[in-house]
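Worksheet: the structure to be examined is printed underneath.
Chains as they are written, first to last, in the numbering used here: chain A, 4 to 338; chain B, 576 to 953.
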């Protein structure tokens, strides 16, 4: 497959590219999460008519403004009650919650506990950078013991919150752990989480170089990603618990996948799972294959255009058909 | 059908008559019956969604989410719970989310005098959340009125695109009266849903609901305007004027009793019922739309009276607003600690009309001798 420019890829349809560059610091991990989410949305046929994004305050919360979806930027910590109510009123919609660890586990911790208890059929992507980034780098609920932050100059004296244990306290909830370095893994687990009918929580370890990484000894975002690459390992397939530096997916019955098998390997939800379920995406394998072929054909045609024209097509100023006509290229003729 | 109905139940039935199909709440006396009725209604009507939230913060945010998703939503709480909801109220004001908050007042704080009635949330409704906003609020004094006013509250919320408050108190909430709500419903029109639900927008133009100030028009439409004071001022006044315009359509009040008397009594909610045996000697002004202040109506009515006395179960919260608007003295009879009785009203009136203070003659609490200095020295 030829190397593709970002603007040519199909998932950009899910992004408000004209608002780029984003407000996030150079080296931030949130953009990676957003791209992977956009890819999954594109792949699963989720669009602005069937998917709503709910975000909370913090760096991560700004993601809602860059996705081409109806989105709600909620008060700090209040993503889950808003998302749960939206899902109650519109059960046919997908509701994806994107939020930071401080928002989710600290100020919104009570809502998290009870959304898990009620098995709210939501997909939660938690950008876990182990710090309060937007306010300059204070200790968060997930900050490891001993880490020096602006609010713990002698090192964090407390134990970080056990998100895995919290989510796994419910017999119906899916817990997945991944990192910003493991992008394909991240994409797979996001898909599995969206396909899970009950509460699903994707804990994404992500780097905040500006307000955390540099203070704790990393020279660059690249250093942090290298650390993730070297430290995090895939959990064994039969794992029932993920260790500190393991990535993978834990299904409600204890079955783990390493995030490469897709939903096919996932067992069905337990029979006693409560009634509310996520609407299954209206895309079967055939449709997926058709879309993939279409997108590849489009890409091949794009490759034959001048770079400037290509950019205009990518920005939506010109349709591909018009561009091809102007360039005198017959779309049905092999390139 | 005429039936014995409780105040809280009438509020719930009013909401349903207005088309409400979402309730989120957390149990708190004296509003709990609304939650109870909502849950049993939801079990019989699957189109009506119900959430017993983990706290009042969650219920307030849930009704915002439900409203954005297309439901007519409401919650019910008491003063302490309403304090927890205030951040969400301010957010709903800024984002423009139509929804209804029912606040059944008691004597606070949460641990205060939970079983006693109060009217201490008049200012909380007006100024409780951070920043400037112009809330619309109603306060009925009976079961049928609670029903009608709740419908009007939903209508005003839809028209103003803002959260509207229905105030009540322990007595109004637990009052049982024989009323015909079907007949009452027939005389109130219902405003249909105004805000386009999430996901039913014009395709290609997804919206971003945020408290963040955004440009609404012009070349930068949809982009943040978080540092543009002009844009803030423009949007703030647009909302304020819209709310005022809608509020004008709901200028509900009662001017009655002996209109030819020399003294005008201002009271609302249960106090107006308790004081009604005095109707031969005084004129009554009873605001039903309690916010924004009925300033024009008060100006027109108050001119004809020698004295104005505001009787309320708080320390003059409404009286302050009236005094400020009319620029003349308003005497106060505060009924504090849940003592809302005709006797207390009579005593208070005699006292203030005789030139005495608004504070009742309560012997001061004995002052315990201080053994240690407050600074802990010596």
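Glycine included, each C-beta is placed from N, C-alpha and C at the ideal position.
Item to check | Touch test, the segment 813-822 of chain B against the segment 731-751 of chain B, Cβ-Cβ under 8 Å, three pairs minimum | outcome: yes
Checklist entry - Just how far apart, CA to CA, sit residue 330 of chain A and residue 27 of chain A? => result As a working mapping, residue 330 of chain A is identified with position 327 in the first chain. As a working mapping, residue 27 of chain A is identified with position 24 in the first chain. If you take the alpha carbons of residue 330 of chain A and residue 27 of chain A, they lie about 38 Å apart.
Item to check | Terminal residues of the beta strand (DSSP E) in which residue 655 of chain B lies | outcome: The residue labelled residue 655 of chain B in the question sits at position 80 within the second chain. Premise fails: residue 655 of chain B lies in the alpha helix (DSSP H), 654-670, not in any beta strand (DSSP E).
Item to check | Proximity test, Cβ basis, 9 Å: residue 254 of chain A and chain B | outcome: Counted from its first residue, the first chain places residue 254 of chain A at position 251. Not one chain B Cβ lies under 9 Å of residue 254 of chain A.
Next on the checklist: For a cutoff of 9 Å on Cβ pairs, would you count residue 778 of chain B as touching chain A?
Outcome noted: On the second chain, residue 778 of chain B is found 203 positions in, with the first residue counted as 1. At least one chain A Cβ lies under 9 Å of residue 778 of chain B.
Checklist entry - Out of B:911, B:628, B:638 and B:884, which has the shortest C-alpha to C-alpha gap to residue 118 of chain A? => result For this step, residue 118 of chain A is matched to residue 115 along the first chain. Answer by Cα proximity: B:628.
Checklist entry - Does any heavy atom of the ligand NAD sit closer than 8 Å to the C-beta of residue 67 of chain A? => result Among the ligands in the structure shown, none appear at all, so the ligand NAD cannot be discussed.
Item to check | Pick from A:178, A:259, A:40 and A:211 that is closest to residue 32 of chain A, judged by C-alpha positions | outcome: Taking the first chain and counting its residues from 1, the one referred to as residue 32 of chain A is at position 29. Closest option to residue 32 of chain A, Cα to Cα, is A:211.
Item to check | One or two residues paired with residue 204 of chain A in a DSSP bridge | outcome: Taking the first residue of the first chain as position 1, residue 204 of chain A is located at position 201. Bridge partners of residue 204 of chain A: A:127 and A:178.
Next on the checklist: By alpha-carbon positions, which one of A:167, A:142 and A:73 ends up nearest to residue 155 of chain A?
Outcome noted: Numbered from its first residue, the first chain carries residue 155 of chain A at position 152. The shortest C-alpha separation from residue 155 of chain A is found at A:142.
Checklist entry - Within the 9 Å Cβ cut-off, does residue 41 of chain A reach chain B? => result Taking the first residue of the first chain as position 1, residue 41 of chain A is located at position 38. False, the Cβ-Cβ gap to chain B never drops below 9 Å.
Checklist entry - Apart from the five residues on each side of it in sequence, which residues of its chain come closer than 8 Å, Cβ to Cβ, to residue 158 of chain A? => result The count along the first chain starts at 1 and reaches residue 158 of chain A at position 155. Cβ neighbours of residue 158 of chain A beyond the five flanking positions: 148, 149, 150 and 151.
Item to check | Proximal residues, the segment 69-85 of chain A versus chain B, C-beta separation under 9 Å | outcome: 70, 71, 72, 73, 74, 75, 76, 77, 78, 79, 80, 81, 82, 83, 84 and 85
Next on the checklist: Residues of chain B with CB closer than 8 Å to the CB of residue 89 of chain A, please, in chain order.
Outcome noted: Translated into the one-based positions of the first chain, residue 89 of chain A becomes position 86. Within 8 Å Cβ-Cβ: 640, 641, 643, 644 and 773.
Next on the checklist: Quick check: the Cα distance between residue 120 of chain A and residue 165 of chain A, rounded to an integer number of angstroms?
Outcome noted: Along the first chain, read from residue 1 onward, the residue named residue 120 of chain A stands at position 117. Along the first chain, read from residue 1 onward, the residue named residue 165 of chain A stands at position 162. The straight-line gap from Cα to Cα measures roughly 16 Å.
Next on the checklist: For residue 653 of chain B and residue 681 of chain B, which I take to be in contact (beta-carbon distance under 8 Å), what is that distance rounded to the nearest angstrom?
Outcome noted: In the second chain, residue 653 of chain B corresponds to position 78, counting from 1. In the second chain, residue 681 of chain B corresponds to position 106, counting from 1. Sure, about 5 Å apart at Cβ, within 8 Å.
Checklist entry - Taking the alpha helix (DSSP H) that residue 639 of chain B falls in, what are its first and last residues? => result The residue labelled residue 639 of chain B in the question sits at position 64 within the second chain. Counting along the chain, the alpha helix (DSSP H) containing residue 639 of chain B begins and ends at 631-643.
Checklist entry - By Cβ distance, which residues of its chain are closer than 8 Å to residue 837 of chain B, with the 5 residues on each side in sequence left out? => result Taking the first residue of the second chain as 1, we reach residue 837 of chain B at position 262. Same-chain partners within the cutoff: 880, 881 and 882.
Checklist entry - Can you find a C-beta in chain B that's less than 9 Å from the C-beta of residue 315 of chain A? => result Taking the first chain and counting its residues from 1, the one referred to as residue 315 of chain A is at position 312. No, residue 315 of chain A does not count as interfacial toward chain B.
Item to check | Boundaries (first-last residue) of the alpha helix (DSSP H) holding residue 314 of chain A | outcome: Here residue 314 of chain A refers to the residue found at position 311 when the first chain is read from its first residue. From DSSP, the alpha helix (DSSP H) with residue 314 of chain A extends over 310-318.
Item to check | DSSP-derived helix/strand/coil call for residue 690 of chain B | outcome: Here the question's residue 690 of chain B lines up with position 115 in the second chain. Correct three-state label for residue 690 of chain B: strand.
Checklist entry - Can you tell me the Cα-Cα spacing of residue 784 of chain B and residue 670 of chain B, whole angstroms? => result Taking the first residue of the second chain as position 1, residue 784 of chain B is located at position 209. Taking the first residue of the second chain as position 1, residue 670 of chain B is located at position 95. Going by the C-alpha atoms only, they are around 7 Å apart.
Next on the checklist: I want to verify the contact list: residues of chain A whose CB lies under 7 Å from the CB of residue 787 of chain B, in sequence order.
Outcome noted: The residue labelled residue 787 of chain B in the question sits at position 212 within the second chain. Residues of chain A passing the Cβ test: 76.
Checklist entry - Taking the C-alpha atoms as reference points, what is the distance between residue 318 of chain A and residue 100 of chain A? => result Working through the first chain from its first residue, we reach residue 318 of chain A at position 315. Working through the first chain from its first residue, we reach residue 100 of chain A at position 97. Answer to the nearest angstrom: the Cα atoms are 27 Å apart.
Next on the checklist: To the nearest angstrom, how far is the alpha carbon of residue 623 of chain B from that of residue 612 of chain B?
Outcome noted: The residue labelled residue 623 of chain B in the question sits at position 48 within the second chain. The residue labelled residue 612 of chain B in the question sits at position 37 within the second chain. Their backbone Cα atoms lie some 12 Å apart in a straight line.
Next on the checklist: Residues of the segment 54-66 of chain A in Cβ contact with chain B at a cutoff of 7 Å, in chain order, please.
Outcome noted: 55
Checklist entry - Under 9 Å Cβ-Cβ, which residues of chain B neighbour residue 114 of chain A? => result As a working note, residue 114 of chain A is residue 111 in the first chain. Here the neighbours are 628, 629, 630, 632, 633 and 636.
Item to check | Run of the alpha helix (DSSP H) containing residue 851 of chain B, from where it starts to where it stops | outcome: Within the second chain, residue 851 of chain B is the residue found at index 276, counting from 1. From DSSP, residue 851 of chain B is part of no alpha helix (DSSP H); its letter is neither H nor E.
Checklist entry - Going straight from the alpha carbon of residue 14 of chain A to that of residue 862 of chain B, what length do you get? => result For this step, residue 14 of chain A is matched to residue 11 along the first chain. For this step, residue 862 of chain B is matched to residue 287 along the second chain. Between residue 14 of chain A and residue 862 of chain B, the C-alpha separation is close to 57 Å.
Checklist entry - Closest by CA to residue 53 of chain A, which one among A:134, A:197 and A:187? => result Your numbering for residue 53 of chain A matches position 50 in the first chain. Of A:134, A:197 and A:187, the residue nearest in Cα terms is A:197.
Next on the checklist: Given this structure, state the Cα-to-Cα distance separating residue 940 of chain B from residue 133 of chain A, to the nearest angstrom.
Outcome noted: By 1-based counting over the second chain, the position of residue 940 of chain B is 365. By 1-based counting over the first chain, the position of residue 133 of chain A is 130. C-alpha separation (whole angstroms): 53 Å.
Item to check | residue 704 of chain B in three-state terms, based on DSSP | outcome: Start at 1 with the first residue of the second chain, and residue 704 of chain B comes out as number 129. Residue state, collapsed to three classes: coil.
Checklist entry - Would you say residue 765 of chain B and residue 593 of chain B are within 9 Å of each other, going by their C-beta atoms? => result Position 190 of the second chain, counted from the first residue, corresponds to residue 765 of chain B. Position 18 of the second chain, counted from the first residue, corresponds to residue 593 of chain B. Yes, the Cβ-Cβ distance between residue 765 of chain B and residue 593 of chain B is below 9 Å.
Item to check | Inter-residue Cα distance where the pair is residue 271 of chain A and residue 288 of chain A | outcome: Position 268 of the first chain holds residue 271 of chain A. Position 285 of the first chain holds residue 288 of chain A. With a pLDDT of 43 at residue 271 of chain A, under the threshold of 50, the modelled position of that residue is not reliable, and no figure is offered here.
Next on the checklist: Is it buried or exposed, residue 144 of chain A, if we count other Cβ atoms within 10 angstroms and call 16 or more buried?
Outcome noted: To locate residue 144 of chain A, count along the first chain from 1; it is residue 141. Flag for residue 144 of chain A reads buried.
Checklist entry - Is there a Cβ from chain A that is less than 9 Å from the Cβ of residue 784 of chain B? => result Position 209 of the second chain holds residue 784 of chain B. Closer than 9 Å to some Cβ of chain A, the Cβ of residue 784 of chain B qualifies, so yes.
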